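A quick write-up on the structure given underneath.
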Amino acid sequence: SAADKYVVGVSNTLIGNGWREEMICSIKAQAEASGIVSKVVVANRNGGPAEQIADLRNLISAGVNAIIVNPSDREALNPVIKQAATKGIVVVAVDQAVSAPEAYVLTNDQVAYGKVGATWLFEHLKGKGNVVEMRGIDGVPADADRHQGFTEALKNYPDIKVVASTFTGWALNKGAQQMKDLLASGKEIDGVWTSGIDSVVVDAFKTAQKSYVPVVGADNNGFVGQLINLKGDGFSGAAVTNPPSVGGAGLAVALDVLQKKDHPHLIKITPEVWDNTTDANLENLKKVYDAKLDPFYSIDFEVKPYTTYTMPQILACKGP
Amino acid sequence: MTAAPGKSRASERNGGASDASAPPEADQRPSIAARLHRFMRRNPALVGMPALLVLVLAVTILVHPEFGAFDLQSLALGALPLAMAAAAQTVVVLSGGIDLSIGSLMAVSNVLAASTMQHASYQEALLLAVLILIAGAVQGALNGLIVVLSRIPDVVVTLTTGFIWGGVALLILEKPGGGAPEGFLNLATGTLCTDWLCSAWVPNALILLVTSVLLVWLPVRRTRIGLLIYAIGSDRIAAFRSGVNVELTRILAYVFGGLFSAIGGLALTMTTGIGAPLAGTYYTLSGLAAIVIGGVSLTGGRGGMLGPVIAALLLTLIPTDLIYLDIDPNYGQVIQGTLIVLVVMIGGFAAFLQSRK
Amino acid sequence: MTEASSLLEIRDVGKRFGSVVALRAASLTVRAGEVHALMGANGAGKSTLVKILTGVFAADGGTVSLDGKAKAFRSPAEARRAGIVSVYQDPALVPDLTVAQNLRLARVSLPAVLDHLADLGVGHLDHASFIRDLPYPILRLIDLARALASDPKILVLDEITAALPADLSEKVFRVVHSWRERGRSVIFISHRMAEVSALCDRATVLRDGVTVGVTDPARGSEERIVSLMLGSEVVKASAEAHRAAEPSPRFAGVPALEVRGLRYGHRVNDVSFSIHPGEVLGVAALEGQGQDELFDCIAGVRRAEAGSILADGKPLRLRHPADAIRAGLVLVPANRIQALLPQRSIRENVALPMVRGIGAWGPIAMTAERRRVDEAVQRLRVDTRAESELRRLSGGNQQKVVIARWLASGFQTLLCFDPTRGIDIGTKRQIYALIRDLAAAGSAVLLFTSELPEIPLACDRTIVLFGGRIVAEMPASAADEATLLRAAHGLAARAEALA
Amino acid sequence: MSLPAKTGGQRSRFGLGGPGGILPFLRRNTILALILLLIAFVAGIEVARPGTVTPIWISNALLFAAPLGILGAGQTLVMLTGGIDLSVASVATGSAYLLATNASLGSVAAVLIGLGLGLGVGLLNGVGIAVLRVQPLVMTLGTGLMTEGVMVVYSQKMLASEPRVPEFIQALGAGKVLGAVPLDLFLWAPIAIAMIWGLRRTGFGRLTYAVGDNRQACELAGVRVWQVLLVDYVLCGFFAALAGLVLVGSTNAADLSLADVYLLPSVAAVIIGGTSILGGRGGYAGTIIGALILTVLTSLLTLLDAPEPIKQILYGAIILLLAAAYARLTD
Ligand SMILES: Nc1ncnc2c1ncn2[C@@H]1O[C@H](COP(=O)(O)OP(=O)(O)OP(=O)(O)O)[C@@H](O)[C@H]1O
Ligand SMILES: Nc1ncnc2c1ncn2[C@@H]1O[C@H](COP(=O)(O)OP(=O)(O)OP(=O)(O)O)[C@@H](O)[C@H]1O
Ligand SMILES: [Mg+2]
Ligand SMILES: [Mg+2]
């Protein structure tokens, strides 16, 4: 019956970003799959904490029962979250954490993201060589966390040298140009760690007619395709998972809490490293790769045990 | 014909004062209706914008009958930084310039405040706020100085100083953080509460918005400075030949731009409680949209402060309505873009019809 | 001419703008209590000298001394403080401010200005009106009144009468006289000989940026001044070109332009007339009698509310100047700045109508274009020293470019609104000769001029506008200044009504 | 009425040397001055990291400058009319995304759909600005938002559409012939020639300048100004879409923020190239050099081992100094 169905609000402050769109799709898909959500109200625009506070307040006003928020800051939203909680609204922060005790937090561990990828790279280089760190946007929390993880990993490998550290701004062309410039500058490069701008970096080696070096990227469909298809050309690399379906998972948690099921307030999703070095791993990659999908679609499309939707549901990207 | 013709007539007219700043309407008193008509014709934004605001508010209440004190506060909080960005841009544009570094200036004040106020007391925070306002004015002055001394078009100068101030913000605070004392935040996030009156219906953010615009702008508008700013915005050569120190006035406009940006940056600190080095980026362009919707001519010299401020409220209210109406937010962006275009198109069309008459 | 009695002493001032030398060695001595004419052909450097004197430009060399003390003003404000105020050739009023605000801007007192305005015949001005809404002649007078109100020792008037109708000019002269009576000095720039000889005590003549002589401009000395200004050969050429209209032939057949019952608001009221090919029809009127609107309507700039306009007997629907131009009606507008591209070259300005239609958006036939442009530019003798940017031309030369444009691209009927405004005497004669030539070649011309004496020289027939109506029509031979003036004041109409 | 160049002809406090010599020469040949600046930059890179400037590096620089240069072509046109187009980034992104997601319809159809978006948005801009006289800045800000929003809605419907970038677009965006000549030069060069020639030698080029210089004068001379503006904005949209195709060719895949980073540089390149933001003055040759200068500057900063804030500050300061030097030269 419609009476015991819930209205869910979503707040996101980065639009036109494939990962975030997929996150929203996963929320809609999970709402559909759960059968107990009557409506998903999305507040989606570009902005910072100030804009997000306004959106959250509007969602509260709109009478939602739960809010899934991808927070633009750890501290800034706390007062609104508290206000929501006093009105009985369940708030789940996904992807990035908030420090408000009222909120449930379900995040990808970004420090670990940086650390496991970097560790794979340094191991693969046998603890010695020149690497390039291609970061995201300076001043963004996720970038800072990943850098922290990268740096922690680096401490264990004294013979690894970071010869260049750039900010790609998570923009394809910027990353591509930077890699090409670095290659042209004659710097000795033995490996590259990227914060998600991965496939264009691999392409840069091809265009520059240099032989491939190991590259760490994200679980983007296109990059995984490269891991599979360029293996024969001597390309090795690893994709670190960072599932956008934390959105759907967050919704599942929120619905559970609304139905008085217990959940811990902090759930961390540990990233996995998928490399193409062994045949077994390559087989796994082939299983998740889908040539039909958008190259920037993250192919780690579920977070077990939370999400229950099917692939067609998330691809449809339609809420109730 | 006498040497100093008609001095006495002049004295009669103006009560003996030959004060150059006497109100222009002092002697000829057309009927109230005629003056009102003329005022409306001359300041279409002054009449149209409040009407539009009332209309949109009415629509909001229609689609969301529960609209209450909480929502009014949401509106004020959301509009405050944008309104300050618009105010900053207004002063500069009225003087015939443009400032594309406003977002970065706001970011600098925002991180300055958050990084210095973190462990400060309320009183210290207020003192720091004053210092940050001064710093904002100085940054504005630097923008203005470069514009005047380099003789590069202002768009270019402020586009590039925008990069520079953005870098400075990052230098001050590498990633979001910092803080400010509760009392200071309350200046924007609280609601009016004095010894004799406590009303949840009057958000502090709204008071802050109105007073900062009034306190800074009215003295400017009512004195010679305002006159100079409008004059150089309207025709720089004519103003120069009328004896205006054009270069100083241009710098002054940027100083006020910097001051309003700093208020905007402080507003960001108050509403979010933190500093974020990228916080201001959205405000450069949306501030520009607000001033154009608010009837300020981008060629300078025409417009006022009321229009842009109301436009900032409108631009804040529209996404809210989209949420109330439960419109797919992606269509929401289409709608917002369309609305901006429509508002100015209708304005353009009205002007077109007017010119036909 | 003793040094002691001179108030202002400018010596060998030079100024160049890039490759253009505006002034080589200009000198000017002004005594206390005199009206001193500054004369010279278009582009001789008059305005530049004024701007140097008042601190708009810095001179490259030479000296300026006031009361025997060397001065170099850095801004008009500084010059004003020293007692030198100029009314520049183009208005120095800020369009988006009101009259009162403009006065406040210049720190002059409103009542004083209003009184001066009353003396100038503008008693009813609403000082809360925006400058942008006021007609050009009024702006000139406000500019003048504002200058007077700051009570300068030396008042500089750069072609103030160029845009003024006869009655208002008259008022300006009276003000200048009274100024002199008070022992003040006036530097007066004008291309109108009659004004200069009536008004001025002495005249300094500039040619190509050099002072070529100081003379007494009394009546009868015109030719001498002209030859100083222009150099002797040019004078001969232009004097030849200047001939009065032959007795008007009878015009018959289909009129080139016919206007029937034209109305525009209450500015133009039921105006009808026609012009035949080969005919020059003069329009005489005081300021603001509807002549601007009349010309605009015929040129497609404004839409008439009633009435019809016919070209070659065919009724026209004019919704855009392009419609008028296609029908052969072209306009030389009152305000040249409206018609010009300040940052583009003379060539592009002249050739603008040639590329106006979509059909001409393709490649330009450069040689043919150059030939037509050069021909027109030479025919009008435009000073092309600063040809790469039109805004660097002197005022008069800019005016010539507007006319040259239509010579180059062709037309059937020329609507000329005060084409000799700000044009030197040599060129003026030449332009009237040109108009006669054009008529002789079969064009029709509708000519408004603010200089009534010119009408019998250039026109075949004249209509007089008053209050938006045609109040008189006469052959040019009968249109002497007095008759025209009387009609233009509406007196003829009243006389008729009485009769 | 105020002339577009508001300080034109006023007292200059910052006069330059006499008439003879190298400075006045450069002043008459500003493009040459820009080229010298560009060369100085390249030399700077070579000094900072010897051995960097090789034919490969130069060809990379050209490769990367091309999309910016093509965006700059449209931006030059509209800025010459006194306008600006802030929708170019959204249009470029949108055309790239449409191309990739419609590849299954065939390469030619996909390209046409991408370019169609550019023409469509350009037309919308043109109608608003030329006919309804909306301020260009706001109009294009609005249409940019609209385009982006539409693309986001569209992308959600297209998650499983098998996006693919046609081979020849990939070659266009990243390929080279004869070892070092980037293929996108074969698109950019004709555009450059057409732009430079068209602006100087065609009626439409003349009118583009004229409209930016004095709209009223154009009307009085019988020009239907709206037609000129309309075509300029449509062309600008078209060039933006073309640039999007080159971009997607170089990245092999489109995401919805593909061209965002090019928005401000597309304006900066035109301005550095000496086109007046107020309209009526400038040209495309300058924009080309402007695009190259910005590209080389980006490379320089990549190779410079400095923290990001410092790089940002340097980026701003260098462009500022460049513009100042240039302004001095041409003042
Ligand atoms: N757009 C606006 N926003 C806010 N205040 C405005 C705006 N326009 C005008 N005002 C204020 O409204 C009042 C009247 O404005 P107005 O421009 O009519 O005054 P004014 O300078 O005396 O000009 P006028 O001589 O035309 O009356 C002033 O206090 C002014 O500061
Ligand atoms: N700002 C400028 N830049 C370049 N050249 C200029 C500038 N101002 C004036 N000139 C040039 O200097 C010369 C003298 O111009 P000026 O305006 O002084 O002439 P004028 O005697 O006042 O002529 P007119 O009677 O036509 O007004 C002209 O050749 C003109 O082109
Ligand atoms: Mg002059
Ligand atoms: Mg007013």
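Residue numbers (my numbering), protein chains in the order written: chain A, 12 to 331; chain B, 12 to 368; chain C, 977 to 1475; chain D, 1164 to 1494. We put the CB at the ideal spot given by N, CA and C, even for glycine. Remember, it's a predicted structure, so these values are computed and weren't measured experimentally.
Between residue i and ligand 2, is there a pair consisting of the residue's CB and a ligand heavy atom that are separated by less than 6 Å?
i: G1402 of chain C; result: no
i: F1164 of chain C; result: no
i: F993 of chain C; result: yes
i: T1024 of chain C; result: yes
i: A1362 of chain C; result: yes
i: V996 of chain C; result: yes
i: R1050 of chain C; result: no
i: A1380 of chain C; result: no
i: R1083 of chain C; result: no
i: I1020 of chain C; result: Looking at the sequence shown, residue 1020 of chain C is not Ile but Ala. Yes, ligand 2 has a heavy atom inside 6 Å of this Cβ.
i: L239 of chain B; result: no
i: R1368 of chain C; result: yes
Determine whether the Cβ of residue i lies closer than 7 Å to any Cβ atom of chain F.
i: D1418 of chain D; result: Structure shown: chain F not included; protein chains present are A, B, C and D.
Shortest alpha-carbon distance to residue i belongs to which of the options?
i: S223 of chain B; options: B:L66, B:A97, B:A69 and B:L57; result: B:A97
i: R85 of chain A; options: A:A111, A:D66 and A:N240; result: A:A111
i: W30 of chain A; options: A:K242, A:G207 and A:A73; result: A:G207
i: V173 of chain A; options: A:G180, A:K139 and A:G147; result: A:K139
i: G259 of chain A; options: A:G245, A:A95 and A:Y317; result: A:Y317
i: S272 of chain B; options: B:G306, B:R247 and B:L111; result: B:L111
i: S1126 of chain C; options: C:R1178, C:S1085, C:V1075 and C:V1181; result: C:S1085
i: V224 of chain A; options: A:N232, A:G248, A:D170 and A:S210; result: A:G248
i: S1003 of chain C; options: C:R987, C:L1081 and C:M1015; result: C:R987
Is the Cβ of residue i closer than 7 Å to any Cβ of chain D?
i: V355 of chain B; result: yes
i: P164 of chain B; result: yes
i: T171 of chain B; result: yes
i: A300 of chain B; result: yes
i: A1298 of chain C; result: yes
i: V303 of chain B; result: yes
Within 7 Å of any Cβ in chain A, is that where the Cβ of residue i sits?
i: S253 of chain B; result: no
i: E1311 of chain D; result: yes
i: I285 of chain B; result: yes
Would you please verify whether the beta carbon of residue i is less than 7 Å from any beta carbon of chain B?
i: C328 of chain A; result: no
i: Q1374 of chain C; result: no
Quiz prompt | Segment contact flag, the region 1311–1322 of chain C with the region 1337–1347 of chain C, C-beta cutoff 8 Å, min 3 pairs | solution = In short, these stretches do not touch, since the Cβ pair count stays below three.
Quiz item: Quick check: the region 1403–1410 of chain C against the region 1227–1238 of chain C, are there 3 or more CB pairs under 8 Å?
Solution: no
Practice problem: Pick out the complete alpha helix (DSSP H) segments inside the region 138–188 of chain A, 4 residues or longer, and give them in chain order. | Solution: 152–166
Quiz item: Where in the region 1385–1465 of chain D do unbroken runs of the alpha helix (DSSP H), each at least 4 residues long, occur, reported from the N-terminal end onward?
Solution: 1388–1414 and 1426–1435
Practice problem: Evaluate the contact criterion for the region 1285–1302 of chain D versus the region 1406–1417 of chain D: three or more CB pairs, one atom per stretch, below 8 Å. | Solution: no
Quiz item: Taking contact to mean at least 3 C-beta pairs separated by less than 8 Å, is the region 213–220 of chain B in contact with the region 141–159 of chain B?
Solution: A contact between stretches requires three or more CB pairs, one per stretch, nearer than 8 Å, and the region 213–220 of chain B fails this requirement with the region 141–159 of chain B.
Quiz item: Per the contact definition of three or more C-beta pairs closer than 8 Å, is the region 302–313 of chain B in contact with the region 191–199 of chain B?
Solution: no
Quiz item: Counting Cβ pairs closer than 8 Å, one from the region 1104–1114 of chain C and one from the region 1051–1063 of chain C, do we hit at least three?
Solution: no
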